[in-house]
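Residue numbers (my numbering): -3 to 713.
Glycine included, every Cβ here is placed at the ideal spot set by N, Cα and C.
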Amino acid sequence: MRPIRIAVYGDVNLNIIDGSSIWLTSLVQVLHRIDRTQVTVLRKAPVRRDLVAAELTGLPRVELIDPPSRAALTPTQALDALEHSDQLRRFDIVVLRGYELSREAVARPGLAHRLWVYLTDIPQDAVTLSDDDRAHLHDIATGCGRLLCQTEQLRSHLEGITPAAANKTTLLPPMVAPTFTAVGDTVAAGSAAVRRLCYAGKFAPAWGVLELVAAFGRVRELHPSLELHVAGDKIHNPPDDPAFRPAVEAALTSTDGLVWRGGITRDQVAALLADIDVALSVRDHQLDDSLELSTKLLEYGAAGVPVVCNRLPMHTELFGEDYPLFVDNVDDLAAVLSDIVDHPTSLDRARRIVRRVAADYSYDRVADRLRPHLDRRVPDVAVSSARPPRVLVATHDRKFFDAISTHLQHCGVTVRFDQWDGHAKHDEVASAALRDWADVIICEWALGNAVWYSRHRRAGQRVIVRLHRMELDTEFPAAVAIDNVDRVVVVSELFRDKAVAQLGWPADRIAVVPNWVDTVTLDRPKLPGARFHLGLLGWIPHRKRVDRALDVIERLATDDDRWRLYLGGKLPWELRWVWMRLDEREYLTAQLDRIRESPVLRRAVSIDGNQRNVASWLRKIGFVLSPSDDESFHLAPAEGMASGAVPVIWPWETAPQVYGRRWLCADVDRAVAAITATDWETERQAAQRYVGEHYPLEPVVAAWADLVLRPAEVAAA
């Protein structure tokens, strides 16, 4: 079993108990749950107290490294130390937390593309985001391997700032330690009275601690037995508010009924919560637009403690609009607490809600989500001791091939790309130099690249061509010197037969390797209203039959104005080979005229243009259409299915073979009927399962590795 070697460094002092240090120790413990990992943690500062990092001591496959100096490391010093450690351990992944740290790290070529960057300390709204910030975030997104995002909202924010973030983001949500869940398992329902409140965390102006203590004091005047237990010792001292720290210290030490526990370990906080009736997490309105989710909120929930929190979109999405312990304003906290103390009947329902939500953030659940990303980054494959072949990939569009090339690289193969500017345009001198370097040439798309390389291959080289449906409508396949091609790869047996019949290529030279679907990246929560949104991803040329999609949406939107159709993909005039054909231009112009002239279609149809970030676009799509006359595979509906959309597929020739018959619709009438009558939740879950079972990545990349590394075995098979 090949290990996954991971370095972890946060611009975080593990001597201080706060959200950042808890995050780092949680991440290491989550990674430790993934059996192939070997984790090296670089400390920012020498150990002065071990309340936080003690959780990592003695963990197998986890190594803690002290900083090389007695002072806390600067970002530059930390990166120097990581590079030195990398020379000894050769990390596969380097996880960093911190904006300034990451800005410097991506400028170091030795680390850049192995970096998995976790960012929260960035401007989280358009007002505070400067042009410099945009440029820096673009550089980070371009240079790193992955961007780790705490919430779906933060992921959308980053992807909106820079297109370079598309397809590089991975959710790393708050992580709740099992000690809290263990406490929650012992909590009995039906508390007779509210006696003990709790706040755990840091003390900063926007965290509402002074307001919380004041509200507690007012309620305690009516309920003298009420107690407030407070854990934490990180008290901010803001330069613009010098009175804040003394006020907090006075409140913590002089408030009747307040028990200040000081800085205690996470396990001690969990033990404290076993005797708490209600937890408090109410912050100032200046944090209402935060894109982060409080880990402490989820820890309270896992421990079975109902929590009073702000009514924010992120919280209502988690707990539901009718969660009984929301506070609309920090000034209302005293009134809400009084009501809870006087009428505790709502606490059982609140407890059930927060426990159910928090369960999705356990270490094990987060590890399960991270595991496929790590496996994809470092496949568990043996690397041959012999020199592997040098592989050149020639293509104008590598979107279908990046995962395959990554897998080949992890098999020890050196991969280079000859990036063509279009179907036939390239730098011939550069192509010739790359050809002379390569042992194996893969032509992704059978276009001008396949023609050129099949006619210019050197003796002893192997040429592999992947043929898609689109190329059959061009002149290029017929011009390929097929006798100089060792393998043609297609996605299905029926399409292989079609290529043999139409092109006369020898059947024994054509290998079938199905498409794969990125189920990991595409699985994102749907946006509100997605249930009524149709999507057609790629609507040109004519054979894609956008007219059928317009027929469907016109029928639906005439009766119910919630229905929408979103057209994603390049516009007709952006594909020269389409726009230069008179019949294509006339057909597509007629469809655009139809949209413009119909009041229903004008309102219901959105032309979204080319989608670099398909995963984000699909969040708003509830039904994905495939109304084509002819396809070989049609990846778009499979991507939609992986996102949780229900497919609506016309019976083009290979559709039953690719997608089965469950979602086939013979015509517009049947499509409309299926869309309106479907049990959307049931069908979208079934669609996700179908794609996950039929088109996983692993068999596809393994088949390509065989084609490249073991051609004799493939030929014999």
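Handout entry: Proximity of L208 and L283 at Cβ, strictly below 8 angstroms
Key = no
Exercise for the section: Can you tell me which of A211, A196, V696 and D543 puts its alpha carbon nearest to the alpha carbon of Y326? Expected result: The question names Tyr, but residue 326 is Val in the sequence shown. The shortest C-alpha separation from V326 is found at A211.
Exercise for the section: Have a look at the DSSP bridge pairing and note the partners of T165. Expected result: L143
Exercise for the section: Determine the closest residue to Q25 out of R57, L10, V8 and P42, with distance taken between C-alpha atoms. Expected result: R57
Exercise for the section: Take D181 as the anchor and find which of V642, L430, R558 and R352 has the nearest alpha-carbon. Expected result: R352
Exercise for the section: Could you say if the segment 436 to 447 and the segment 471 to 487 meet the contact criterion of at least three C-beta pairs nearer than 8 angstroms? Expected result: yes
Exercise for the section: Throw me the rounded Cβ distance for the R465 and S628 pair, which I believe falls under 8 angstroms. Expected result: 4 angstroms
Exercise for the section: Report all residues from its chain with a CB closer than 6 angstroms to the CB of F176; omit the five preceding and five following residues, and keep chain order. Expected result: A266, E295, A298 and A299
Exercise for the section: Apply the 10 Å Cβ neighbour rule to A712 and answer buried if 16 or more other Cβ atoms are within range, or exposed otherwise. Expected result: In this predicted model, A712 has a pLDDT of only 44, less than 50, meaning its place in the structure is not dependable; the value taken from the coordinates is given anyway. Exposed.
Practice task
Keeping to the same chain, check which residues put their C-beta closer than 6 angstroms to that of K616; ignore five residues upstream and five downstream.
Solution key: L523, A526 and H529
Problem - C-beta atoms of E440 and T391 nearer than 8 angstroms - result: yes
Handout entry: Segments of 3+ residues assigned as beta strand (DSSP E) that fall wholly inside the segment 374 to 415
Key = 386 to 391 and 410 to 415
Exercise for the section: Let me know the secondary structure DSSP gives T70 once reduced to three states. Expected result: coil
Handout entry: 8 angstroms Cβ cutoff met for I603 and L552
Key = no
Exercise for the section: Report the rounded CA-to-CA distance for A270 versus H225, giving the unit in angstroms. Expected result: 12 angstroms
Exercise for the section: Just confirm the distance between the C-beta atoms of E51 and T21, as a whole number of angstroms; I'd bet it's less than 8 angstroms. Expected result: 5 angstroms
Problem - V102 - containing alpha helix (DSSP H), residue span - result: Element bounds for V102: n/a, residue is neither H nor E.
Exercise for the section: Alpha carbon to alpha carbon, how far is N609 from R130? Give it in angstroms, no decimals. Expected result: 18 angstroms
Handout entry: Rounded separation between V548 and E148 - CA only
Key = 31 angstroms
Handout entry: Q34 versus R666 - alpha carbon distance
Key = 54 angstroms
Handout entry: Cβ neighbours of R592 in the same chain (closer than 7 angstroms, five flanking residues each side left out)
Key = R598
Practice task
Below 8 angstroms on the Cβ atoms is my guess for T116 versus E288; work out the distance and round it to an integer in Å.
Solution key: 6 angstroms
Exercise for the section: Would you check if the distance between the CB atom of P340 and the CB atom of V190 is smaller than 8 angstroms? Expected result: yes
Handout entry: Closest by C-alpha distance to S622, when choosing among C661, G640 and L588
Key = C661
Problem - Beta-carbon gap between G253 and E223 smaller than 8 angstroms - result: yes
Problem - Sequence-distant residues of the same chain with beta carbon closer than 6 angstroms to P384, five excluded per side - result: G408 and V409
Practice task
Starting from F199, follow its DSSP beta bridges and name the residues at the other end.
Solution key: I231
Exercise for the section: Can you give me the start and stop residues for the alpha helix (DSSP H) that T175 sits inside? Expected result: P174 to T182
Problem - Three-state secondary structure (DSSP) of T678 - result: helix
Exercise for the section: From the DSSP output, in three-state form, read off G640 for me. Expected result: coil
Handout entry: Interface flag, E317 vs chain D, CB-CB below 8 angstroms
Key = No chain D is present in this structure, which holds just one protein chain.
Handout entry: Whole-angstrom distance between V668 and A600, CA atom to CA atom
Key = 15 angstroms
Practice task
Would you identify the three-state DSSP class for A713, choosing helix, strand or coil?
Solution key: Model confidence at A713 stands at a pLDDT of 46, short of 50, so the residue's coordinates are unreliable and nothing is read from them.
Handout entry: Proximal residues to G94 (C-beta, below 6 angstroms), its chain only, five neighbours per side dropped
Key = D7
Handout entry: heavy atom of the ligand PLP below 7 angstroms from G564 C-beta
Key = Inclusion of the ligand PLP in the displayed structure is not the case, the ligand content being empty and no account of it being possible.
Practice task
Put P695 into one of helix, strand or coil per three-state DSSP.
Solution key: helix
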